[in-house]
Structure formats: structure tokens, C-alpha cells
Amino acid sequence: MAHNEPSNGPSSLENRSTPTTGRPWPWPQFPREDGPSTGIDQKTYHNLVLYTKYASAAYQPMCPRPMGNTLIGQFTSVVTTTRGFVARDDKRKEIVVAFRGSKDVISILIDGSVILTPLQGTGLPPSHRPHVHTGFLIAYQSIAQILLDIVGLQINMYPMYAVVVTGHSLGGAVASIASIAIRNTYPAATVRLYTIGQPRTGDSAYAALVEKMVGSENVYRALMKSSKDGVPTMIPTSLGYQHHATEYWQFMELPAPEHVKRCRGNEDPEGSASIPSSGVNPAHWIYFGQREPLTDSFVRLL
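According to this note's numbering, the stretch in the sequence shown is residues 53 to 354, in order.
The structure is reproduced here in C-alpha cells:
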């Protein structure tokens, strides 16, 4: 499925309907709020939109030309229903890995497995200190070997290409773990991580590991204030969880570079951590004017 190039202009959220029911989207009518007088540069915003579209493409049953680029391979687990694809953008010299988010009952059960467990698995560094969400680690492990094999072949063929890992929601959490594994397995590769609506994935030691191995300057964790997406803060810090850097917070509903703030550290008190979680809500499914696909089952839950 090919997508158009990212749009940086306003995107109307009105009069849209769900792709499966045709009924109007149940967008929350939250009041507009003034945000900090800050913003990000056009290139960073363009990239946030671009990889949000890649994450959206991972929800499609078939996407033979992701963003008009070469589809290298797909990976899926019949046990965990974890799935995604690897694409290659020869113009930007990038190998892109995109993970699908929650879409069925099994993935919802994975979301609920919140007990922290040691970060161990295929491609991951040998350390017992970092701990991660049990369900997210199981989801990663179910596709780890085929993913690393596909990515490794592309790195060997195109050693100057960067590897960009992205995903929405559950897919963002799995992308976070996968970025560590790719960086650990192929240390010469440049790895960048873009996640959209990512829930807290591990503890403070895990957050530090992501920031060390991938680099805070190479991690872009997009969150929404204006529509109050509740998923990123739904797993509380009281359970031992902590977000990793670097948060890019869209603080006003109108999608534009000047409405996105680059936050400080991992749990910036002036970022998403300042708003109590409202749980899974319709705001979770749209970022930077880009809509993530919903199934009928999720529409009924909302």
C-alpha cells in the first residue's frame, strides 16, 4: 500500500468516518488549550509525520509498496499476532522496520501482561539489570530471529544505510525493544527509533539502556496532549515503569511544527507526565493529522 508524501499542513478531523463501519469517528471534543511557546524544526516534524505513516501502514493486511518504497519482507507470529514489515528507501538511504499495534484479543492480552521481567532474548545485550513489560518482551521474542535476519541481510548489502524502527502503541513498545537488539547485533549500524503513542515499556534501567545504545538524539517518542491520549501514561510509574527519552509532545490539536515541543529527559513534568491517563480513547488513533487504522472491535470498545 503506497502512501503520499507527508503533509505538513493542517488536517481536518471533522466529517471523517471509520474505515470499517462508515460511522463518524468518535473524536473527543476536548477544549483547546494554550501550549508552550516553542516548536520544532520542519525537518524533524516531516520525519515524525513520515514514520507515523509507516506505523499506520503496518496495520494494513497488505502493503506491497510502503510509502512508495521497496518491501523487503514481512514478519508475523501466529502465537502472539505480532507483525510488521521491513522496507528500504533508497532515496533516503534507510532500512525501515515498522511494527503493528494492538489489533485483536491476543494483542490486548499482551498489553495487559504488565509484570516487569528481565530484558533477555534474541539479540539483546546480556544484562539482568534492565526490566521490561512481560507482554512486550514476549511479542518481540516471537519475531526476533526472522526480524534480525532480514535486517542483517539489508545491512550487509547496504552498510551506509541507517535503520529506522517505528511503531504505534504496542508496536511502539516492541519497536523500542527491537531497536536495542538491532543496535546490539549490528553495532556498526546507525539506528533511529520513532514511536507513536508508545506506552511505558520498562523500568529506569531499561530507559537508560535505550538512551545509551540508540542515543537520546536518535529517539523520537511522539505523544499527544491536545487530544489527551491516555495510552502512553496508562501503565503507572508506581509499578516501576519509566519512559525513555526523547518525548516530542504535540501540545495543540492543529498538526504543525510550532505545536510540537521537544521535552527534557524521559519523564518531563511539563510533558505527558503532567496529565493523568484517561486510558484507551479515540485520541490514541490520530497523530500529526495521520489516522491509525481501527478494527470494528476497537470501535465498539470506544
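We put the beta carbon where it would ideally sit given N, CA and C, even for glycine.
Separation of V217 from P80, as counted between CA atoms: Since pLDDT at P80 reaches only 41, below the 50 mark, its modelled position is unreliable, and no value is offered.
Can you give me the start and stop residues for the beta strand (DSSP E) that R235 sits inside? Not the beta strand (DSSP E): R235 falls in the alpha helix (DSSP H), residues 222-237.
Bounding residues of the beta strand (DSSP E) (the contiguous stretch that carries A285): Note that residue 285 is Thr in the sequence shown here, rather than Ala. Where T285 is concerned, there is no enclosing beta strand (DSSP E), given that its DSSP letter is neither H nor E.
Strand pairing of E146, partner residues [DSSP]: In DSSP, E146 forms a bridge with D141, A214.
Contacts around V214, its chain only, beta-carbon distance under 8 Å, and the 5 residues preceding and following it disregarded: Looking at the sequence itself, residue 214 is Ala, so the reference to Val does not match. Closer than 8 Å at the Cβ level, and outside the excluded window around A214, lie K145, E146, I147, A241, T242, V243, R244.
What's the C-alpha gap between S278 and R343? Unreliable positioning characterises S278 in this predicted model, as indicated by a pLDDT of 49, which lies under 50. A coordinate reading is not provided.
Over what stretch of residues does the alpha helix (DSSP H) that includes T174 continue unbroken? Run containing T174: none; DSSP gives neither H nor E here.
If you draw a straight line from the C-alpha of S231 to the C-alpha of G164, how long is it? Using only the alpha carbons, I get a separation of about 22 Å.
Please look up how many angstroms separate the CB atoms of A191 and T134, rounded, as I've assumed it's under 8 Å. Indeed, because the Cβ distance is near 4 Å, the residues count as touching under 8 Å.
So, at 6 Å on beta carbons, what are the nonlocal neighbours of L200 in its own chain, with the 5 sequence-adjacent residues on each side left out? Residues of the same chain with a CB within less than 6 Å of the CB of L200, apart from the 5 flanking positions on each side, are G175, T237 in chain order.
Taking a contact to mean a Cβ-Cβ separation below 8 Å, would you say A110 touches R152 in this structure? Yes, the pair counts as a contact, with Cβ atoms nearer than the cut-off.
Can you list, in chain order, the residues of its chain whose CB lies under 6 Å from that of H295, leaving out five sequence neighbours each side? A distance below 6 Å between beta-carbons, with the five flanking residues on each side excluded, links H295 to the following residues of its chain, in chain order: R252, N318, E319.
Can you tell which of Q193, F188, L168 has the C-alpha that lies nearest to the C-alpha of P182? For P182, the nearest C-alpha among the options comes from L168.
Identify the residues that DSSP records as bridge partners of T169: which are they? V184.
In angstroms, rounded to a whole number, what distance separates the CA positions of A274 and T247? When rounded, the distance between both Cα atoms is 6 Å.
Who pairs with Q126 in a beta bridge, going by DSSP? Beta-bridge pairing links Q126 to F137.
Of all the alpha helix (DSSP H) runs that stay within the bounds of the region 87-119, which reach a length of 4 or more residues? The qualifying runs are 94-109.
Alpha carbon to alpha carbon, how far is E85 from Q302? Any reading at E85 must be qualified, since the residue scores a pLDDT of 40, below 50, and its modelled position is unreliable; the value itself is stated next. The C-alpha of E85 lies about 11 Å from the C-alpha of Q302.
In its own chain, which residues sit with a C-beta less than 7 Å from the C-beta of V203, not counting the 5 before and 5 after it? Once the five neighbours on either side are set aside, the close Cβ partners of V203 are V138, I147, V149, V215, I234.
In or out: L222 buried (at least 16 other Cβ within 10 Å) or exposed? By the neighbour-count criterion, in which a residue is buried when 16 or more other Cβ atoms sit within 10 angstroms of its Cβ, L222 is buried.
Beta-carbon separation (whole angstroms), Y272 vs Y300, contact threshold 8 Å: Between Y272 and Y300 the beta-carbon gap is near 6 Å, inside 8 Å, which marks them as a contact.
Outcome for E322 when other beta-carbon atoms lying within 10 angstroms are tallied against a minimum of 16: The residue in question, E322, is exposed, as its Cβ has fewer than 16 Cβ neighbours within 10 Å.
By alpha-carbon positions, which one of R314, Y210, M119 ends up nearest to T298? The option with the nearest alpha carbon to T298 is R314.
First and last residue of the uninterrupted alpha helix (DSSP H) at V131: Unbroken run through V131: none, as it is neither H nor E.
Neighbourhood of S129 by C-beta, 6 Å cutoff - its chain only, sequence neighbours within 5 removed: Once the five neighbours on either side are set aside, the close Cβ partners of S129 are S194, I195.
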